[in-house]
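J.: Sharing a structure below in structure tokens format, with a few things to ask.
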Amino acid sequence: MPLSPVRLRFAALTLATVLALGGCADFSGITPQGMAVAPAALGLQTPAPLALSASDFDSQWWRSFGDKGLDALVTQALQGNPSLQAAAARLARAQALTEVVGAADGVQSNAAVDLSRQRFSSQGMYPPPLAGGVYETANLQLNVGYEWDLFGKNRAALDAAIGQHQAAIADSQQARLLLSTQVTRSYFALLRLQAQKALQQSYLAQREQANAIGRARRDAGLDSQQEFLSGPITLPEIRQQIEALQEQIALTRNSLAALCAVAPSALVVPEAQLQAVHKAPVQDSLPLDLLGRRPDIVAARWRIEAATSDIAQAKAQFYPNISMGGFVGLNSVGWSNITRGGSEQWGAGPALRLPVFDSGRLRAQLRGKAADLDGAIAAYNGLVFEAAREVNEQLISLRSLAQQGREQQAAQANAQSLLQIAQQRHQAGLLSQSAVINAQNALVAHQRQAIDLHARTLDAQAQLLRALGGGYSAPTSVAHANP
16 MPLSPVRLRF AALTLATVLA LGGCADFSGI TPQGMAVAPA ALGLQTPAPL ALSASDFDSQ
76 WWRSFGDKGL DALVTQALQG NPSLQAAAAR LARAQALTEV VGAADGVQSN AAVDLSRQRF
136 SSQGMYPPPL AGGVYETANL QLNVGYEWDL FGKNRAALDA AIGQHQAAIA DSQQARLLLS
196 TQVTRSYFAL LRLQAQKALQ QSYLAQREQA NAIGRARRDA GLDSQQEFLS GPITLPEIRQ
256 QIEALQEQIA LTRNSLAALC AVAPSALVVP EAQLQAVHKA PVQDSLPLDL LGRRPDIVAA
316 RWRIEAATSD IAQAKAQFYP NISMGGFVGL NSVGWSNITR GGSEQWGAGP ALRLPVFDSG
376 RLRAQLRGKA ADLDGAIAAY NGLVFEAARE VNEQLISLRS LAQQGREQQA AQANAQSLLQ
436 IAQQRHQAGL LSQSAVINAQ NALVAHQRQA IDLHARTLDA QAQLLRALGG GYSAPTSVAH
496 ANP
């Protein structure tokens, strides 16, 4: 039935009043205070967030060391570690939430079937014979509704959910990066300990052989008892050092087993030599915009996007909510009458809702979202500065280790020459056995230092790759900034 002019004027007046009230939505004075650090301040370029996938990250950065044993251990850890399984569960939940929020922008419908037996009031709206009687009622109905997103509330909610989903993708990659780094560093530590143990065992064998020769010289009257005792005194010390290294090896294997989610007895570590592990080439400078691909920084940028969308959604709550609803179905008194002619019913019409007095709830909600954005910006700024610090520290360490390695090689070569001279003079009877032992001790100390420097270099390179987000390549056409 068409609306009368009076009803049309009333509807128009009502709509104008509602829109006027919506125009009075007041969120003045509520603005975020945080400001993201300027990328130029660090030479860092951070492009606007784009949709991510696992392929956007270097998932096998550890292969740059060229060690198959390391490759096998990291692969095993990534397949079974519980922390990655938890990260995958959080990612699946974020994806599901995005789908839930996205569904709010479509047509909603539901079906209802109600069967009941009730007494109708004799003083109510129903006339006799229903009044005062007990009857069965049946209702079969389909409801349909749609909300017009005129002010972007649903769109903002979906953008926020997408931002959280993308942040969860980056968080998942960050968990992979941290786990692979832990396995890599533990593996290098294990190789260092094994190399130190092998060196000490070799030195012990040399000292035992020298001890046997010293005993023979003493028995032949060529050396004194004091000279003979100067050798065996070091043997218990060497054995103690070997046992201490064996303890550290067992503890490191135990840590590796935990990272790989297997029992220590089930952990298989292929035989490998520390010196055989490749050192990745290190540049004097790196493009700091590589930091923008770190998973934790990417996640922080997406959380800023999500928080910004949350503010837009909170502002949209101040405006009218306009929707259209309808239903169609069957209704009857008496269950058997539900299929008879005349039991059909239907209805349709618009609905409008507008908050007028809410005791400050919407403004408080908006202030909370603004605070969330400030927190997200502060977290992002902190990560950017921390990332720059980590990269600079590893570059400083690697440059210093390279120089230390050159000096150490020269010192070791000198110690090797001094030992050869001492052995020759001892065989000629010009030096005592203790002088040879001292020269051997000096050479072994330099050899231990060489092992430590090589292991520290590998460890620093692993930390640099982690600080850069897992692997990097430097195009020749990219301008570099000295960290």
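Letter by letter, the sequence shown follows residues 16 to 498 of the working numbering.
C-beta: ideal position from N, C-alpha, C; glycine also.
#1: Identify the continuous beta strand (DSSP E) that holds D86 and give its terminal residues.
#2: Give the C-beta separation of Q431 and L458 to the nearest angstrom, bearing in mind that I take them to be a contact with Cβ-Cβ under 8 Å.
#3: According to the Cβ coordinates, are A183 and A314 closer than 9 Å?
#4: If we call anything under 9 Å between Cβ atoms a contact, is W77 one with L480?
#5: Look at the alpha carbon of Q133 and the alpha carbon of A322, and state the distance between them as a whole number of angstroms.
#6: By DSSP, does Y202 sit in helix, in strand, or in coil?
#7: Just verifying my parser: in three-state terms, what is the DSSP assignment at P285?
#8: Under 9 Å between C-beta atoms, does F333 make it to chain D?
#9: Under three-state DSSP, which class holds F80?
#10: Would you kindly report the start and end of the unbroken beta strand (DSSP E) that includes D129?
#11: Can you tell me whether E359 is buried or exposed, with buried defined as 16 or more other CB within 10 angstroms of its CB?
#12: Do you know how far the Cα of A329 is from the Cα of L130?
#13: Any idea what DSSP makes of R368, helix, strand or coil?
#14: Quick one: using the 10 Å Cβ neighbour count with 16 as the cut-off for buried, is V128 buried or exposed?
#15: Does the segment 356-376 touch the segment 387-398, meaning 3 or more C-beta pairs lie closer than 8 Å?
#16: Indicate, with yes or no, if the ligand FMN has a heavy atom lying under 8 Å from the CB of N352.
#17: Around the C-beta of F333, are 16 or more other C-beta atoms found within 10 angstroms, so that it is buried, or is it exposed?
#18: Does the pairing of the segment 336-353 with the segment 145-155 give three or more beta-carbon distances under 8 Å?
#19: Measuring alpha carbon to alpha carbon, tell me which of G147, R191, A126 and D120 ends up nearest Y161.
#20: So, with DSSP's three-state summary, where would you put V399?
#21: Could you please give the first and the last residue of the uninterrupted alpha helix (DSSP H) stretch that includes I319?
#22: In angstroms, rounded to a whole number, what distance separates the CA positions of L398 and L106?
#23: Comparing alpha-carbon positions, which option in L274, Q442, L473 and R207 lies nearest K294?
#24: If I measure Cβ to Cβ from T249 and keep anything under 8 Å in the same chain, skipping five residues before and after, which residues do I get?
#25: Roughly how many angstroms separate the alpha carbons of V198 and D467, rounded to a whole number?
#26: Excluding sequence positions up to five away, which residues of its chain have a Cβ less than 7 Å from the Cβ of Q211?
#27: In whole angstroms, give me the CA-to-CA distance for T267 and Y202.
#28: Determine the extent of the alpha helix (DSSP H) in which A259 is found, giving its start and end residues.
#29: State buried or exposed for T46, treating a residue as buried only when at least 16 other CB atoms are found within 10 Å of its CB.
#30: Considering only the alpha carbon of each residue, which of Q110, Q123, R316 and Q209 lies closest to Q470?
#31: Would DSSP call A119 helix, strand or coil?
#32: Just grab the DSSP bridge partners of A153 for me.
#33: For S68 and I312, what's the separation of their Cα atoms in angstroms?
#34: Pull up the DSSP beta-bridge partners for G340, would you.
#35: Compare the beta carbon distance of A417 and K168 with 9 Å and say whether it is the shorter of the two.
#36: Is the distance from the Cβ of L381 to the Cβ of I319 below 9 Å?
T.: According to the structure shown:
#1: No beta strand (DSSP E) holds D86; the alpha helix (DSSP H) holding it covers K83 to G95.
#2: 6 Å between Cβ atoms; contact.
#3: Closer than 9 Å, so yes.
#4: Taking 9 Å as the Cβ cut-off, W77 and L480 qualify as a contacting pair.
#5: Distance from the CA atom of Q133 to the CA atom of A322, rounded to whole angstroms, is 51 Å.
#6: Three-state DSSP puts Y202 in a helix.
#7: Here P285 sits in coil by DSSP.
#8: Protein chain content of the structure displayed is limited to a single chain, and chain D is not contained in it.
#9: Correct three-state label for F80: helix.
#10: Per DSSP, the unbroken beta strand (DSSP E) holding D129 starts and ends at Q123 to R134.
#11: With fewer than 16 neighbouring CB atoms inside 10 Å of its own CB, E359 falls in the exposed class.
#12: Near 41 Å, if we compare the C-alpha coordinates of A329 and L130.
#13: Three-state DSSP puts R368 in a strand.
#14: Under the 10 Å beta carbon count, V128 is surrounded by fewer than 16 other beta carbons and is classified as exposed.
#15: The way I'd put it, the segment 387-398 doesn't touch the segment 356-376; fewer than three beta-carbon pairs between them come closer than 8 Å.
#16: No copy of the ligand FMN appears in this structure; indeed no ligand is present at all.
#17: By the Cβ-count criterion, F333 is buried, with 16 or more other Cβ atoms from all chains shown falling within 10 Å of its own Cβ.
#18: Judged by pairs of C-beta atoms under 8 Å, the segment 336-353 touches the segment 145-155, as three or more such pairs exist.
#19: When G147, R191, A126 and D120 are compared, the shortest CA-CA separation from Y161 is found for D120.
#20: The answer is helix: DSSP assigns V399 an H, G or I state.
#21: Looking at the DSSP string, the run of the alpha helix (DSSP H) that includes I319 is P310 to A331.
#22: Across the structure, L398 and L106 are spaced so that their CA atoms are roughly 21 Å apart.
#23: Answer by Cα proximity: L473.
#24: Sequence-distant partners of T249 (beyond 5 residues in either direction) whose C-beta falls short of 8 Å from its own C-beta, in its chain, are R222, I452 and N456.
#25: The straight-line gap from Cα to Cα measures roughly 18 Å.
#26: Hits under 7 Å: L260, R463 and I466.
#27: Pairing T267 with Y202, the inter-Cα distance amounts to about 8 Å.
#28: For A259, the enclosing alpha helix (DSSP H) has its first and last residue at T249 to L274.
#29: Its Cβ having fewer than 16 others within 10 Å, T46 is exposed.
#30: The amino acid occupying residue 470 in the given sequence is Ala; Gln does not appear at that position. Comparing Cα-Cα distances from A470 to each of Q110, Q123, R316 and Q209, the minimum goes to Q209.
#31: Under the three-state reduction of DSSP, A119 is assigned to coil, being neither helix nor strand.
#32: Paired residue(s): L130 and S347.
#33: In this prediction, S68 scores a pLDDT of 48, lower than 50, which makes its location untrustworthy; the coordinate-derived value is nonetheless stated afterwards. Distance between the alpha carbons of S68 and I312 is about 15 Å.
#34: DSSP, once it has assigned bridges, lists G160 and G364 as partnering G340.
#35: Result no, Cβ atoms of A417 and K168 do not sit closer than 9 Å.
#36: No.
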